[in-house]
């Protein structure tokens with residue numbers, strides 16, 4: 001049984017980083033709410049979403065949205081839902097068919113609600129039908145087989161692969177490419193990013209995926225959190241440079257402080 | 001509004017704080033171990049119920065497809081057949097009913113029907129799907145390594161060295177030099193451990209901060225898209 005009520009090895013650097021991070025995020029949320037203008041750079045993949053849905057409208061073909069294989073406790077899936085909401089709003093506005101196959105049952109329940117709500121908010125509830133969001137299977141490769149078959153048969157004009165993807169990423173993205181669809185991908189899985197970068201027209205890499213929801217909403221509080229995150233990143237870069245310099249000069253207390261046992 | 005918005009936001013706030021707080025506390029604090037374990041168990045239970053919802057959706061969707069004779073409806077028949085047969089064998093084996101006395105092997109050592117279907121139908125189909133990846137990797141690599149600009153040329157050169165350095169041929173190419181057989185594998189390891197790792201870490205740090213910022217937005221109730229609600 002441990003001696004103390006707190007874990008000393010975790011209450012050093014991790015706690016400091018957590019507090020600094022929360023400070024910056026809350027500070028910028030507060031500043032944004034007070035009306036401070038915050039600049040967020042343009043993200044090409046997000047800007048291209050409307051163009052992709054527009055292309056599907058012109059061609060009269062459907063839009064396919066894949067929320068990844070993660071369940072709802074995966075933060076990438078939560079980020080994907082925010083993007084799905086935007087895409088569903090666009091398909092409702094442009095009157096294009098939307099298809100959302102799901103691998104995870106919890107995600108399926110959430111995507112159905114998200115799409116339904118987006119159609120309601122777009123003022124086109126009559127266009128929503130439950131079959132547009134459907135469950136396929138929990139098995140990774142059975143899901144890939146089903147989705148690639150769907151791509152080949154229906155030839156969607158735009159494919160969104162946003163969320164947590166694993167070995168199935170290339171199977172789906174390459175099939176989408178072969179049917180001539182415009183593809184926008186987004187994931188934080190470092191091992192799958194190269195596949196998406198090669199095969200898809202636009203790729204949201206790591207933090208861009210998590211920023212997408214905030215970027216699309218344009219709400220000051222959301223945008224402020226991205227700015228806070230950027231400042232924490234600048235702080236971490238400073239941490240790394242200081243750490244390297246101290247190590248070069250043989251001073252090790254900083255490294256010891258930053259190490260989690 | 002309370003049931004649809006306030007209560008889910010309150011629950012998200014409380015459940016979202018659990019992993020953060022328990023990360024810093026030890027099991028000496030009353031309730032830490034209990035709460036940590038319970039959150040994981042509840043996730044499994046909720047997923048189980050949600051899976052039922054998924055199965056119902058699959059059955060409804062495919063029955064509708066068969067009724068309306070939509071294109072590809074025979075596939076829907078085969079899917080439902082597979083779902084019910086496999087599901088029935090699995091449930092009967094778990095309940096040990098009649099000849100279904102086990103999930104994997106029968107008392108006489110032979111495969112149970114459930115395991116037979118897994119081994120001879122399900123696993124080969126999965127393997128076939130996975131093996132397709134090799135062809136897709138080849139076509140994706142062809143597209144990536146086409147020399148179009150400076151970046152693509154650097155990528156091609158690095159990929160060529162890494163692929164060569166990880167084969168016996170890589171050791172052979174410079175073997176005429178003193179210690180030459182270790183040269184290309186050394187360059188390969190350097191590419192992987194220095195420029196490649198640096199780029200990957202940059203993406204990982206950015207993604208981790210992005211994930212933390214999104215988590216904070218969810219815990220504080222600023223991000224609500226997962227509830228299907230955007231109103232403040």
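Protein chains in written order, with the working numbering: chain A, 1 to 261; chain B, 1 to 232. Each residue gets a CB set at the ideal place from its N, CA and C atoms; glycine is no exception. Predicted model, so just to flag it, every value in this text is computed and none were measured.
Check, Outcome
"Please confirm whether residue 135 of chain A has its beta-carbon closer than 7 Å to some beta-carbon of chain B.", "yes"
"Roughly how many whole angstroms lie between the Cα atoms of residue 232 of chain B and residue 237 of chain A?", "Its pLDDT being 48, under 50, residue 232 of chain B is placed unreliably in this model, and the value from its coordinates should be taken loosely. Going by the C-alpha atoms only, they are around 35 Å apart."
"Report the residues of the segment 190 to 204 of chain B with a CB closer than 7 Å to any CB of chain A, ordered along the chain.", "200, 203, 204"
"Return the bridge partner residues of residue 42 of chain B from the DSSP annotation.", "Residue 42 of chain B is not bridged to any residue."
"Alpha carbons only, please: which of B:39, B:7, B:127, B:190 is nearest the one belonging to residue 18 of chain B?", "B:39"
"Under 7 Å between C-beta atoms, does residue 207 of chain A make it to chain B?", "yes"
"Using Cβ-Cβ distances below 7 Å, what residues of the segment 212 to 226 of chain B are close to chain A?", "212, 213, 214, 215, 216, 217, 218, 222, 223, 225, 226"
"Against chain A, which members of the segment 134 to 156 of chain B pass a CB distance test of less than 7 Å?", "136, 137, 139, 140, 143, 144"
"According to the neighbour-count rule (16 or more other Cβ atoms, all chains shown, within 10 Å of its Cβ), is residue 177 of chain A buried or exposed?", "buried"
"Which runs of the alpha helix (DSSP H) fall wholly inside the segment 105 to 151 of chain A and span at least 4 residues, in chain order?", "105 to 121"
"Ignore the nearest five residues each way along the sequence and tell me which others in residue 106 of chain A's own chain have a CB closer than 6 Å to its CB.", "71, 72"
"Using a Cβ-Cβ cutoff of less than 7 Å, which residues in the same chain neighbour residue 61 of chain B once the five nearest sequence positions on both sides are dropped?", "none"
"In whole angstroms, give me the CA-to-CA distance for residue 224 of chain B and residue 181 of chain A.", "30 Å"
"Residues in its own chain within less than 7 Å of residue 148 of chain A by CB, not counting five upstream and five downstream?", "171, 172, 175"
"With DSSP collapsed to three states, give me the class of residue 101 of chain B.", "coil"
"Give me the subset of the segment 211 to 238 of chain A whose CB atoms are less than 8 Å from a CB atom of chain B, sorted by chain position.", "211, 213, 214, 217, 219, 221, 222, 225, 226, 228, 229, 232, 233, 236"
"Determine the contact status of residue 67 of chain A and residue 163 of chain A, defining contact as a CB-CB distance below 7 Å.", "yes"
"In chain order, what are the residue ranges of uninterrupted alpha helix (DSSP H) at least 4 long that sit wholly in the segment 186 to 226 of chain A?", "193 to 199, 207 to 217"
"Please decide whether residue 124 of chain A counts as near chain B, where near means a Cβ-Cβ distance under 7 Å.", "no"
"Tell me, please, whether the CB atom of residue 50 of chain A is closer than 7 Å to any CB atom in chain B?", "no"
"Once DSSP output is grouped into helix, strand and coil, what is the label at residue 179 of chain B?", "coil"
"Opposite residue 111 of chain B in the DSSP bridges: which residues?", "B:105"
"When the Cβ atoms of the segment 150 to 161 of chain A are set against those of the segment 105 to 121 of chain A, are three or more pairs found closer than 8 Å?", "no"
"Interface residues of chain A around residue 57 of chain B at Cβ under 8 Å?", "108, 134, 135"
"Excluding the five sequence neighbours on either side, which residues of its own chain have a C-beta within less than 7 Å of the C-beta of residue 4 of chain A, listed in chain order?", "none"
"Can you confirm whether residue 129 of chain B, when its beta carbon is compared against all beta carbons of chain A, has any partner nearer than 7 Å?", "yes"
"If we ignore side chains and look at the alpha-carbon of each, how far apart do residue 108 of chain B and residue 99 of chain B end up?", "11 Å"
"Residues of chain B with CB closer than 8 Å to the CB of residue 16 of chain A, please, in chain order.", "What residue 16 of chain A touches in chain B: nothing, since even the nearest Cβ is about 12 Å away."
"In the DSSP assignment, the beta strand (DSSP E) including residue 149 of chain B goes from what residue to what residue?", "Careful: residue 149 of chain B lies outside any beta strand (DSSP E) and carries neither H nor E."
"Where does residue 210 of chain B fall in DSSP's three states?", "helix"
"Could you list which residues in chain A have their beta carbon closer than 7 Å to that of residue 54 of chain B, in chain order?", "105, 108, 135"
"Straight-line CA distance for residue 15 of chain A to residue 257 of chain A?", "11 Å"
"Roughly how many angstroms lie between the CA atoms of residue 229 of chain A and residue 223 of chain A, to the nearest whole one?", "10 Å"
"Which same chain residues, not among the five before or five after residue 225 of chain A, have their C-beta less than 8 Å away from its C-beta?", "25, 28, 29, 214"
"What is the DSSP secondary structure of residue 68 of chain A, counted as helix, strand or coil?", "strand"
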